[in-house]
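K.L.:
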Amino acid sequence: MITPVPLLSKDRIGLLSESAREVVEYRKSGLSLNHIQGCPLGCAYCIRHTYGLWDKDQPVALMPDAQAVDELVNHRYFQPHVTPVQLFNRATEPFLPKVRPHTYAVLEDLDERELTNHVLVITRHQLKPYDIDRLNQLRHVKLTLLFTYSGIDDPKIEPYPSHVAAESLKLMSEPVRRRYRTILYWRPLVPGLNDTDQHLSIAYELSRHADATVFTGLFYRDQIAAYYKANGIPEPYTDTARRKIVPETLERRVLDAFADSAALFRKTSCAVSYAHGLPDYNGHYGIRELCDICPLPQRELCAGAQRVPATEDVHRCASVLPEARDLEVVDISQRAVVVSGLETEQPRYFLQHALGFQVHDARHPHHALRHGRADIGWTGVPA
Ligand code: SF4
4 MITPVPLLSK
14 DRIGLLSESA
24 REVVEYRKSG
34 LSLNHIQGCP
44 LGCAYCIRHT
54 YGLWDKDQPV
64 ALMPDAQAVD
74 ELVNHRYFQP
84 HVTPVQLFNR
94 ATEPFLPKVR
104 PHTYAVLEDL
114 DERELTNHVL
124 VITRHQLKPY
134 DIDRLNQLRH
144 VKLTLLFTYS
154 GIDDPKIEPY
164 PSHVAAESLK
174 LMSEPVRRRY
184 RTILYWRPLV
194 PGLNDTDQHL
204 SIAYELSRHA
214 DATVFTGLFY
224 RDQIAAYYKA
234 NGIPEPYTDT
244 ARRKIVPETL
254 ERRVLDAFAD
264 SAALFRKTSC
274 AVSYAHGLPD
284 YNGHYGIREL
294 CDICPLPQRE
304 LCAGAQRVPA
314 TEDVHRCASV
324 LPEARDLEVV
334 DISQRAVVVS
344 GLETEQPRYF
354 LQHALGFQVH
364 DARHPHHALR
374 HGRADIGWTG
384 VPA
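Mapped onto this note's numbering, the consecutive letters of the sequence shown carry residue numbers 4 to 386.
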C-alpha cells in the first residue's frame, strides 16, 4: 500500500521560496510542471539546491494533479502541440513509488486532451514491465524517457546507484514496438571522477540500448559548490558557472569513444527530436558546429525545417507576453536571434519554441564552438 503524497496547506506553501512556488516554469528544454516537490535520493549535484529545496527530502504536493495540468495547459507560455513539456524535472523523481501515480495522472490527463506535445520525463529510478504496458497506452503525447546515468560510484555524490538507471533503460528500450522513446542521459560527466576509458566504454555499450544518447556536464552553481565544500566532497572545479561545464578534452574523448555511434547528441532537444523522427524543436541547426556528430538524414530534416525569422516575426510572437514589452531585436543571423530587454530567461525560451529557432540574450553571448556551455575548460577558441 503506497501512502499518497500529502497536499501542503496554503500556509506551508507560503513558506517556500518564490521560485519553488512557481509550479509551471520555462526551462531550457521545455515548460516544466513541478507541483510535487521533494526527493529522498540525495544526489549531491541536484538542482533542488538552487530552489532552496534541498532539505525537502520527502515528496509533497502543492496542488492536486488535475489543477496542475489545468495551470500548465492554460499558462500563457503553453501552446498546444508545440510547447515541449517536462514533468517533475526540477524537484522530485517521477518514478518514486509515491510520485509515480501523479506522473501517470498527468501523462494520462494530457493524453486524454489529445495533445501531441513532446513530454520529457527524466528518471534514474527502477522501472518495471508494468510501466511498459501503461506508457504504451498513451496515444497522443510524444513521450520521451530520459535515463540519467553517470557511472559515478561515490555514494557521497550519488547515494542512489547508477546501475539502476542502466537496468531501467535496458528494460524500457527492449520492446521492439513501443510508443515512447528512450534516451541515455549521460550526465554529469566530470573530469577525474567518471571519465576513465572504462567509464566511456561502459557508457558506449549502454548507449546501444537507447534510441539516442546525450552527454553533458555538471551544473556547478554556487549553492551546489557550497554543499560540496560543507560535506567534504572533492570540488570538481575551482569556479562556478551558469551553464553546464564540459571541458574540451573531455568532449574530444567522448566523441572518440562514440565514433561508431549513430545517435550521439550534445543537446537534449536534438536527441529527443531525433528519437521521434522530427527536426530539433530548439532550432539548434543554425549553430552548425553542433551538428557535426548528427546523422545525415537528421541534418537534412533540420535543414528543411529551418526558417530564419524576420524582426517582425519575433515581435509578433513576443506581443502576447507582457513581460516582453521592452524586447529589442539586437541581431538576426543564420545562427540565432539576439535579443535584449528581457529580465528573465523564461520568455526567451517561449520565443525559441514558438519560432523553432535559437534566441540568445545579448547579456550572455554564446562563443563559437563551445556549444552553449560554460567557458571553463576551453582554451584558444575565438569568441
Ligand atoms: S541537425 Fe543539428 S540541430 Fe538538428 S538534431 Fe542534429 S545536431 Fe540537432
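Every residue gets a Cβ at the ideal spot worked out from N, C-alpha and C, and that includes glycine.
Exposed or buried, what is residue 255 when buried is set at 16 or more other beta-carbons lying within 10 Å of its beta-carbon?
P.N.:
Position 252 of the sequence shown, counted from the first residue, corresponds to residue 255. Per the 10 Å Cβ criterion, exposed.
K.L.:
From the DSSP output, in three-state form, read off residue 396 for me.
P.N.:
Only positions 4 to 386 of the chain appear in this structure, which leaves residue 396 out of reach.
K.L.:
Rounded to whole angstroms, what is the Cα-Cα separation between residue 310 and residue 72?
P.N.:
As a first step, residue 310 must be located in the sequence shown, where it is residue number 307. As a first step, residue 72 must be located in the sequence shown, where it is residue number 69. Looking at the two C-alpha atoms, the distance is approximately 31 Å.
K.L.:
Pull up the distance between the alpha-carbon of residue 176 and that of residue 151, whole angstroms please.
P.N.:
By one-based count along the sequence shown, residue 176 stands at place 173. By one-based count along the sequence shown, residue 151 stands at place 148. The alpha-carbon atoms of residue 176 and residue 151 are separated by roughly 14 Å.
K.L.:
Between which two residues does the alpha helix (DSSP H) containing residue 133 stretch?
P.N.:
Here residue 133 refers to the residue found at position 130 of the sequence shown. Residue 133 -> alpha helix (DSSP H) spans 132-138.
K.L.:
Exposed or buried, which one is residue 93 when buried takes at least 16 other CB atoms within 10 Å?
P.N.:
Within the sequence shown, the letter at position 90 stands for residue 93. Its Cβ being crowded by 16 or more others within 10 Å, residue 93 is buried.
K.L.:
If we ignore side chains and look at the alpha-carbon of each, how far apart do residue 301 and residue 12 end up?
P.N.:
Within the sequence shown, numbered from 1, the residue matching residue 301 stands at position 298. Within the sequence shown, numbered from 1, the residue matching residue 12 stands at position 9. Looking at the two C-alpha atoms, the distance is approximately 48 Å.
K.L.:
Using three-state DSSP, classify residue 267 as helix, strand or coil.
P.N.:
Working through the sequence shown from its first residue, we reach residue 267 at position 264. Of the three classes helix, strand and coil, the one that applies to residue 267 here is strand, per DSSP.
K.L.:
Let me make sure I understand the geometry here. Which of 143, 135 and 220 has the alpha-carbon closest to that of residue 180?
P.N.:
In the sequence shown, counting from the first residue as 1, residue 180 sits at position 177. Taking only the C-alpha atoms, the option nearest residue 180 is 135.
K.L.:
Closest to residue 159 by C-alpha separation, out of 8, 290, 338 and 236, would be which residue?
P.N.:
As a working note, residue 159 is residue 156 in the sequence shown. Here the closest residue by C-alpha is 236.
K.L.:
Give the DSSP-derived three-state secondary structure of residue 65 in the structure shown.
P.N.:
Locating residue 65 in the sequence shown gives position 62, counting from the first residue. Correct three-state label for residue 65: coil.
K.L.:
List the endpoints of the continuous beta strand (DSSP E) containing residue 364.
P.N.:
Here the question's residue 364 lines up with position 361 in the sequence shown. Unbroken beta strand (DSSP E) run through residue 364: 362-364.
K.L.:
Considering residue 17, what are the terminal residues of the beta strand (DSSP E) in which it resides?
P.N.:
Here residue 17 is taken as the residue at index 14 of the sequence shown, counted from 1. Note, residue 17: premise wrong, no beta strand (DSSP E); alpha helix (DSSP H) at 13-17.
K.L.:
Would the region 27-45 and the region 346-356 be scored as touching if the rule is three or more Cβ pairs under 8 Å?
P.N.:
Short answer: they touch.
K.L.:
Ignoring anything shorter than 3 residues, give me the beta strand (DSSP E) runs that lie fully in the region 114-192, in order along the chain.
P.N.:
Here the runs fully enclosed are 121-126, 145-152 and 184-189.
K.L.:
Under the criterion of a Cβ to heavy atom distance below 8 Å, does residue 210 qualify as lining the ligand SF4?
P.N.:
Walking along the sequence shown from the start, residue 210 turns up at place 207. No, the Cβ of residue 210 stays beyond 8 Å of every heavy atom of the ligand SF4.
K.L.:
Which residue from 318, 325, 313 and 346 puts its Cα closest to that of residue 335?
P.N.:
The residue you call residue 335 lines up with position 332 of the sequence shown. Considering only alpha carbons, the answer is 313.
K.L.:
Between residue 231 and residue 304, what straight-line distance do the alpha-carbon atoms span, to the nearest angstrom?
P.N.:
Position 228 of the sequence shown, counting from 1, holds the residue named residue 231. Position 301 of the sequence shown, counting from 1, holds the residue named residue 304. Cα to Cα, the separation comes out at about 43 Å.
K.L.:
Pull up the DSSP beta-bridge partners for residue 387, would you.
P.N.:
The first residue shown for the chain is 4 and the last is 386, placing residue 387 beyond what the model contains.
K.L.:
Would you verify that the beta carbon of residue 316 is, or is not, closer than 9 Å to some beta carbon of chain C?
P.N.:
The question asks about chain C, but that chain is absent: this structure has only one protein chain.
K.L.:
With DSSP run on the structure shown, which of helix, strand or coil describes residue 204?
P.N.:
Counting from one through the sequence shown, the residue named residue 204 turns up at place 201. Looking at residue 204 - three-state DSSP - the assignment turns out to be helix.
K.L.:
Would you say residue 293 touches the ligand SF4, meaning its beta carbon is less than 8 Å from a heavy atom?
P.N.:
Within the sequence shown, numbered from 1, the residue matching residue 293 stands at position 290. Residue 293 Cβ: within cutoff of the ligand SF4.
K.L.:
Alpha carbons only, please: which of 349, 330, 288 and 263 is nearest the one belonging to residue 337?
P.N.:
Start at 1 with the first residue of the sequence shown, and residue 337 comes out as number 334. Selected option, being the one with the closest Cα: 288.
K.L.:
Could I get the ranges of all uninterrupted beta strand (DSSP E) runs contained in the region 206-252, with 3 residues as the minimum, in chain order?
P.N.:
DSSP runs (the beta strand (DSSP E)) wholly in the region 206-252: 215-218.
K.L.:
In three-state DSSP terms, what is residue 20?
P.N.:
Position 17 of the sequence shown holds residue 20. Three-state DSSP puts residue 20 in coil, outside helix and strand.
K.L.:
What are the partner residues of residue 332, as DSSP defines its beta bridges?
P.N.:
In the sequence shown, the residue the question calls residue 332 occupies position 329. Bridge partners of residue 332: 342.
K.L.:
Express the C-alpha separation of residue 223 and residue 59 in angstroms, rounding to a whole number.
P.N.:
For the purposes of this step, residue 59 is taken as the residue at position 56 of the sequence shown. For the purposes of this step, residue 223 is taken as the residue at position 220 of the sequence shown. Spanning the two alpha carbons is a distance of roughly 20 Å.
K.L.:
Just the Cα atoms here: how many angstroms apart are residue 347 and residue 339?
P.N.:
Counting from one through the sequence shown, the residue named residue 347 turns up at place 344. Counting from one through the sequence shown, the residue named residue 339 turns up at place 336. Between residue 347 and residue 339, the C-alpha separation is close to 18 Å.
K.L.:
To the nearest angstrom, how far is the alpha carbon of residue 367 from that of residue 250?
P.N.:
For this step, residue 367 is matched to residue 364 along the sequence shown. For this step, residue 250 is matched to residue 247 along the sequence shown. Going from the Cα of residue 367 to the Cα of residue 250 covers about 19 Å.
K.L.:
Using DSSP bridges, identify the partner residues of residue 10.
P.N.:
On the sequence shown, position 7 is the one that residue 10 refers to. 64.
K.L.:
Going straight from the alpha carbon of residue 36 to that of residue 27, what length do you get?
P.N.:
Along the sequence shown, read from residue 1 onward, the residue named residue 36 stands at position 33. Along the sequence shown, read from residue 1 onward, the residue named residue 27 stands at position 24. One C-alpha to the other measures close to 5 Å.
K.L.:
Work out the CA separation of residue 282 and residue 132 for me, nearest whole Å.
P.N.:
As a working note, residue 132 is residue 129 in the sequence shown. As a working note, residue 282 is residue 279 in the sequence shown. Going by the C-alpha atoms only, they are around 30 Å apart.
K.L.:
Counting along the chain, where does the alpha helix (DSSP H) carrying residue 90 start and finish?
P.N.:
The sequence position of residue 90 within the sequence shown is 87, counting from 1. It is not in any alpha helix (DSSP H) - residue 90 instead sits in the beta strand (DSSP E) that spans 88-90.
K.L.:
Nearest to residue 44 by CA position, among 98, 19 and 90, is which residue?
P.N.:
Translated into the one-based positions of the sequence shown, residue 44 becomes position 41. Answer by Cα proximity: 98.
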